[in-house]
Each structure stands twice: as structure tokens, then as C-alpha cells.
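Written out below as C-alpha cells is the structure these notes cover.
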Amino acid sequence: MSVRKPFADNLLCFALGPNRRAPPWCSRPLAVVHVARCAVVIARRSLARREVRSNARRRGRVARAMPAQTFDATTRQCAPRACGASEDSSEMRAVSVRASTASKPTSSARAERRRPDVRKMDVPDWLEATSNACLSGNFAPVRDEMDGLVSCDVSGTCPLDGLYLRTGPNPARAPALGTERHHWFDGDGLVHAVRFSREGVKAAYGRRYVRTRGFEREKTAGKALYTGLRDIYPIWSYLLPRLYEKLFLDGSAPDSAYFVIQSKNTSSNALKFHAGRLLSLFESGSPYELSIEPSLRTKGLCNFGGSFTTADYWMGNFTAHPKVCPLTRELIYMGYNLVALGGEQEGETTITVGTIDGESGRRTHKRTFKVQRPSMQHDVAITPTKIILVDGPLIFNLPRVMNGGLPFSFEKECTMRIGFLPRKGDDGPHWVDTNETCFAYHVVNAYEEGSRLILDVCKADETNALGMCQESSTTRSTPSANPVNAGRDVAALWRWEIDTDEKKLISSKRMCEHTSDFPCINREYTGLKYRYAYSAAYKAGTEPVERMDIPSFDAILKHDMETGVTTRYELGEGRTCGDIIFVPVDEPKSEDDGYVLVLTHVDIEGEDPRTELLMLDASQEVLTKQCVVHIPMRVPYGFHCEYIPAHGENLASWPL
Ligand SMILES: [Fe+2]
5 MSVRKPFADN LLCFALGPNR RAPPWCSRPL AVVHVARCAV VIARRSLARR
55 EVRSNARRRG RVARAMPAQT FDATTRQCAP RACGASEDSS EMRAVSVRAS
105 TASKPTSSAR AERRRPDVRK MDVPDWLEAT SNACLSGNFA PVRDEMDGLV
155 SCDVSGTCPL DGLYLRTGPN PARAPALGTE RHHWFDGDGL VHAVRFSREG
205 VKAAYGRRYV RTRGFEREKT AGKALYTGLR DIYPIWSYLL PRLYEKLFLD
255 GSAPDSAYFV IQSKNTSSNA LKFHAGRLLS LFESGSPYEL SIEPSLRTKG
305 LCNFGGSFTT ADYWMGNFTA HPKVCPLTRE LIYMGYNLVA LGGEQEGETT
355 ITVGTIDGES GRRTHKRTFK VQRPSMQHDV AITPTKIILV DGPLIFNLPR
405 VMNGGLPFSF EKECTMRIGF LPRKGDDGPH WVDTNETCFA YHVVNAYEEG
455 SRLILDVCKA DETNALGMCQ ESSTTRSTPS ANPVNAGRDV AALWRWEIDT
505 DEKKLISSKR MCEHTSDFPC INREYTGLKY RYAYSAAYKA GTEPVERMDI
555 PSFDAILKHD METGVTTRYE LGEGRTCGDI IFVPVDEPKS EDDGYVLVLT
605 HVDIEGEDPR TELLMLDASQ EVLTKQCVVH IPMRVPYGFH CEYIPAHGEN
655 LASWPL
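One gets the working numbering by counting positions in the sequence shown from 1 and adding 4 to each.
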């Protein structure tokens, strides 16, 4: 059946929902909203001024009681230290004091009663006891950001001079619809940074929120204004004010695509350093740019040297995993659209790919093409000539969203397709069906040998999309080819080989007996024939966390893709991790001459939760511990990391 839905129809569909009627006053909605909003804004500002005055008096009392700004790892006491520059330093300085004091043990019976599932966890005041896994244990947010840096002890000999960054969700305010409705992805992006130097005996740790439009508006309002991913169906009291802001305040450059209205761009998924810019990425929105000074100041939405247009902000998303070509230094990105834009077939939608120049930082190529299904594609691969799409059957379901359902279905009768198209030019995309019902969140690497395209991923038989997936049929009518057989959302290193001339699958095989995800390689081999990969191994017996299937990882694997040998480094008792990154030495003698950086969460019974940044020497067959940076406070579980070397003026403003 041919169903054409132009832009306006989709917008109206999203605003009203297919099964909802517009209220009688909707013929003049903007006027009503405007008047109501003005009244609300005036009242809120008045209350906010009173609260600011009250808080200032209270903070003054706290600051007089404890004037120190930073925390010394050795003495576990606060000590004076220069703070990073801040656009609102006076307020953030007070926040830092609160964060530091909060890291101290508390004997408050009231605090224990309100947060029975956390011990000395430095959590926000609003976080009450909850059964929501996204807000429990080490998923719980930390109390606040810091404008200063914390001194960290270093064990061993630090082999690198650079800045490690890891981003993740950290809700700054109580969720709008209550803690039980909160999803892990809803939290505001909080960037954690660790600066270290070669052979340095001390390192420095700090953390800052990404100042997104939504974050700033909620900060002004003093409460959450957006609903989360579990509640993106239209709720008038949230949707209309946000629609007003998007249309009349954001105007030519909203930070998320037109169909994302009452949920926000949290800018929490990943970080990417390219062309001198530090990008903060969110899969359903546009990138923000951060300063790489200690303040981690948010510069605003990135317009890539003015090469992004209004259409890019309104219509496009930007993958959390763009790739830098080591040959050209270009950044190649992909953005998938989940809502049909004039598609000729039901469900048809579009994907956009683009190239950012490595010198100028401007976009030099953009192409949008239609695809047959609105699938979530979290990662993308490149070779020197091709872009490779990983199109698994995790399908967005707009009608169900309109009726309050979860946004995705994992369609077990559908299969994984691999698409390839030229980095520049209009050919393709060409699709190759693997005949496998599976999903792959993360790409390891891809490369070409003649007409053979080799694509390595971390493949799972099924995904629950971290609790955003509606249960589909429980079994396929026919068994899927080449299953992993490791359970839902448990992935293993997998290789597909494709004949790009014949456009068919040559082979499909598992590359490692272990199960793992969060893969990384030496990025100088991105898109090229490579030998070594690294990944985080699932903790044995990992149980799905309530509705989310968030796994734990407690070991690091080194994979030799030529010999098939995998070695395993155990993190040790009470230690788990997430994303990892390989950092080559300055003048590497081999592909694996470098270090794997692992942010390790330490949770040992009877000890304060803390964090260690582990540097593993990767140059031998077995990973070995080289150095540990001891961060004297908890860093919550999060998403992806990045590394910036201290070349040139990159990190000149960071004190050590
Ligand atoms: Fe990812």
C-alpha cells in the first residue's frame, strides 16, 4: 500500500496522535500557549530569584564552614587548588563545595532512610528510594558537577601525556514523571575528565555537564521540563511548551530533529575529538561543541564552520560513532531518521551521510537517501572508499508510540542487512542480507581486499534496546542462520565477508569464544586491514537488570584477528567497566604498541565506592597493568570515552 506522508502531516500526527482529537481550543494553540507561558515564566522567575537569594545565604554558611575547593586523594581531605574557568563560576564554585562535602561519609539517619539502596554514594538530594534499575547502585547519578579539579594518586609509571574523557547520563533534576519512568538515556550528559602526564605522580579529575538547550531551560525552571524515552507519546502539558520553544525560540537551529519535541537532546552518548573540536554527541540530535579547557565549557551547537544549515538541525540526527579516516583525517558521520518523510512505502524513511574535513572542520559532502525501514543504527563503518551501514531489525513503531507504547520492536522475522555505498558519489546503497536475525550495536572495524569487504562487529542474537523495546514474537518461525546462542543483548565478536561485486554474503563466522562488547582498535587502522582488537568481556552470570538488559563487564580481551588467539585480563574483585579505548604511543613500533584505557568502577563491600583509570600495556600477547589513576570518588556507569593527546596547545591550560 502506498502511503505518502509529507512533513506537515508527520508533524501533526506527532502532535495529535492518530487516535486523539485536538482539543477545541487548538484552533488558536500558539496564542494560548504564549499567554500561558508568559504568566508561568513571570511566576517562575519570581520564585527563582527568591530561591537564589535563599541558596546564596545557605551556601555562604557552608563555604564559611569549609572554604576548601578540592579533595586530596592521599589525605582524603579538601585542599585549595586553582579552579578551571567557568561562565558561571560563582554558582559552580558553591556547587563544587557541595559535591566535595557530599563525598564524605554521612551518618544522617534521614539520608539513609531516603536512599536505602546507596551507601556513601554522593547522590542528589532528590533521589529517593526507587526500584528503577537506572537510578540504583552505580547507575545512580552523582550529586553534581565540579568546577575545580580533584587531585588523584597515580600508581605505577604513567606512560601517556593526555586527557581521558568519558561521558554518560546523570540526571540533574528529578524526572518529570517520577523516578519509576526514568530511562538510563534520559539523564543529562555529564563529562568526566582525567588529565595525566607521562611519569606524573599526580593526575587531576573533574566533571561538567553539557549545557544543552534542555539543560539550561530546566536549570532556569528549577525542575524537569521534558519527558523521557519511555514517555514520548504526546502529553499536552509538556509537548506544547516544548513545541513553542522549538518553533519560536530555537528557530533555525533546534538541537534535535523535528519529531523530537517533548524529550530532550541530552548530549550524553559519546565524545569525538576531530579537527581541533571536542564534539559531544547524541544519537537523536545534533552535536554540541565543548571547550577542552578544564572548564569543559559548552560552546553551543556545532555548525561545523558554518557548513550546517537549518535543514540539518531540523531534519537530521548525528551518530554517536562517527569515524575518522586515518588516511584523509576526514570525519564520516551517519544520521538515521525514524519518521517517514514523504516515503513512498509505509515505513520508508531516510538516512543521511556526511563528511567533515579534517583541516577546516567544514562539511564537504552530504547525501540523503531512502531506506525501507525506520531502523535504529547505532554505529557505522568506513573503508577508504566506502561507508558501511549495519541495519538490524530494531524497528521504530510510530503508531504504537502515539498510543503510549515503547518506541522499538525487535522484529524476529526480519534479518540483518549490510549496506555499502561510496564515501563520495551517488551510487548505492547496495544491500546484502545476512539471513540472520541479530543485532550489532558496535562496529569493530571494516576493510577491503579486492572485491571482498570484511566487516567485524559485536553481534547479539536479539536486543531489548535497554528497555525501549516492545516484546515481539517470542520465536522465529524458522531458526536464524548462524546464531551466537549467548542470550539477549549478549554479544560476541563476529565477522561478515561480503562480495561487493556480486553483492552477496561470502561467509559469517564467530571470531572469539568469549562474549564481549565495547570494542576498540588502534584508530590508525580504521577502515584498513588490521590485526588487533580489544573489547570488554561480559561478567559471567550477568543477569538482565529490570527491563533493561544492561550487562556488566569485568575483564578486557585482546583479540589477535589473524591467529584467532584471545587473551583475557581480569579486572579483579568488585571491579567492572564499560567502554574502553586504545591509545598508541607517540612513535609506535607495531599496531599494538600502545595502551588500553579502562575506567574501572570499584565496589567492594565495606569500602567507599571509587573509580580507577587503568592503563594496560597492549604491546604483548597478554595485557598487563602499567598504571592506575585513583579517582577518590564514584563515577557512575556511562557510555563512551575519548582521548586527547597533549600535542601542541591541546591541553596547555590544564594544570598538573
Ligand atoms: Fe555506542
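C-beta atoms are modelled at their ideal positions from N, C-alpha and C, and glycine is treated no differently. If you're wondering where the values come from, they're calculated on a predicted model, not measured in any experiment.
Worksheet item: The beta strand (DSSP E) spanning Pro523 covers which residue range?
Response: 520-524
Worksheet item: Within this structure, are the beta carbons of Thr389 and Arg333 separated by less than 8 Å?
Response: no
Worksheet item: Helix, strand or coil: how does DSSP classify Lys250 here?
Response: helix
Worksheet entry | Beta carbon of Thr604 nearer than 8 Å to that of Met637 | no
Worksheet item: So, is Gly642 buried or exposed, given that buried needs 16 or more other C-beta atoms within 10 angstroms?
Response: buried
Worksheet item: For Glu415 and chain B, any beta-carbon pair shorter than 8 Å?
Response: Protein chain content of the structure displayed is limited to a single chain, and chain B is not contained in it.
Fill in: Opening and closing residue of the alpha helix (DSSP H) in which Thr161 lies
Where Thr161 is concerned, there is no enclosing alpha helix (DSSP H), given that its DSSP letter is neither H nor E.
Worksheet entry | Reduced DSSP secondary structure (H/G/I, E/B, other) of Ser31 | Confidence at Ser31 is low in this model, with a pLDDT of 40, below 50, so the placement of that residue should be treated as unreliable; the coordinate-derived value is given next. In this structure, Ser31 counts as helix in the three-state DSSP scheme.
Worksheet item: By how many angstroms is the C-alpha of Asn142 removed from the C-alpha of Ala106?
Response: Low local confidence applies: a pLDDT of 31 at Ala106 is under 50, so the model's placement there is unreliable, with the coordinate-based value given in what follows. Distance between Ala106 and Asn142, taken at the CA atoms: about 16 Å.
Fill in: DSSP state of Pro426 mapped onto helix, strand, coil
strand
Discussion item. Taking 8 Å as the limit between beta carbons, can you name the residues of its chain near Ala180, skipping five residues before and five after?
Written reply: Lys227, Ala228, Leu229, Tyr230, Thr231, Gly232, Tyr242
Item to complete: Please list, following the chain, all residues that have a C-beta closer than 7 Å to any non-hydrogen atom of ligand 1.
Response: Asn273, Ala274, Ala324, His325, His382, Asp383, Tyr445, His446, Phe643, His644
Worksheet entry | Other residues of its chain near Gly578: CB distance less than 7 Å, five sequence neighbours each side excluded | Val606, Asp607, Ile608
Practice prompt. Identify whether Met619 lies in helix, strand or coil by the three-state DSSP scheme.
Written response: In the structure shown, Met619 sits in a strand (DSSP, three-state: E or B).
Item to complete: Please say whether Leu285 and Glu293 have beta carbons closer to each other than 8 Å?
Response: no
Fill in: Same chain, Cβ closer than 6 Å to Arg234, neighbours up to 5 away in sequence not counted
Once the five neighbours on either side are set aside, the close Cβ partners of Arg234 are Arg185, His187.
Item to complete: Would you mind reading off the limits of the beta strand (DSSP E) that contains Tyr647?
Response: 645-649
Worksheet item: Around the Cβ of Pro433, are there at least 16 other Cβ atoms within 10 angstroms (buried) or fewer (exposed)?
Response: With 16 or more Cβ atoms within 10 Å of its Cβ, Pro433 is classed as buried.
Fill in: Ile648 vs Val602 beta-carbon contact at 8 Å
No. Outside cutoff.
Fill in: Burial state of Gln266, where buried means 16 or more other Cβ atoms lie within 10 Å
Around the beta carbon of Gln266, 16 or more other beta carbons sit within 10 angstroms, so the residue counts as buried.
Discussion item. Tell me the rounded alpha-carbon separation between Gly88 and Arg212.
Written reply: In this predicted model, Gly88 has a pLDDT of only 32, less than 50, meaning its place in the structure is not dependable; the value taken from the coordinates is given anyway. Those two C-alpha atoms are separated by around 11 Å.
Item to complete: Would you be able to state if there are at least three C-beta pairs under 8 Å between the segment 250-260 and the segment 490-499?
Response: no
Worksheet entry | Range covered by the alpha helix (DSSP H) that runs through Asp316 | Per DSSP, Asp316 is one residue of the alpha helix (DSSP H) stretching across 314-319.
Worksheet item: If you check the beta carbons only, do Thr387 and Tyr451 fall under 8 Å apart?
Response: Taking 8 Å as the Cβ cut-off, Thr387 and Tyr451 qualify as a contacting pair.
Worksheet item: From what residue to what residue does the alpha helix (DSSP H) around Glu222 run?
Response: Looking at the DSSP string, the run of the alpha helix (DSSP H) that includes Glu222 is 217-225.
Worksheet entry | Cβ-based neighbour list, Lys513, same chain, cut-off 8 Å, excluding 5 preceding and 5 following | Asn486, Trp498, Arg499
Worksheet item: Between the C-alpha atoms of Pro2 and Gly289, what's the straight-line distance to the nearest angstrom?
Response: The structure shown does not extend to residue 2, since the chain is modelled only from 5 to 660, so the question has no answer here.
Item to complete: Quickly, what does DSSP pair Arg421 with across the bridge? List them, please.
Response: Residue pairing of Arg421 in beta bridges, as defined by DSSP: Asp395, Asp437.
Discussion item. Can you confirm whether the segment 619-631 touches the segment 158-173 when touching is taken to mean that 3 or more C-beta pairs between the two stretches lie within less than 8 Å?
Written reply: yes
Item to complete: Pull up the CB-CB distance for Ile236 and Val405, whole angstroms please, since I reckon it's below 8 Å.
Response: 6 Å
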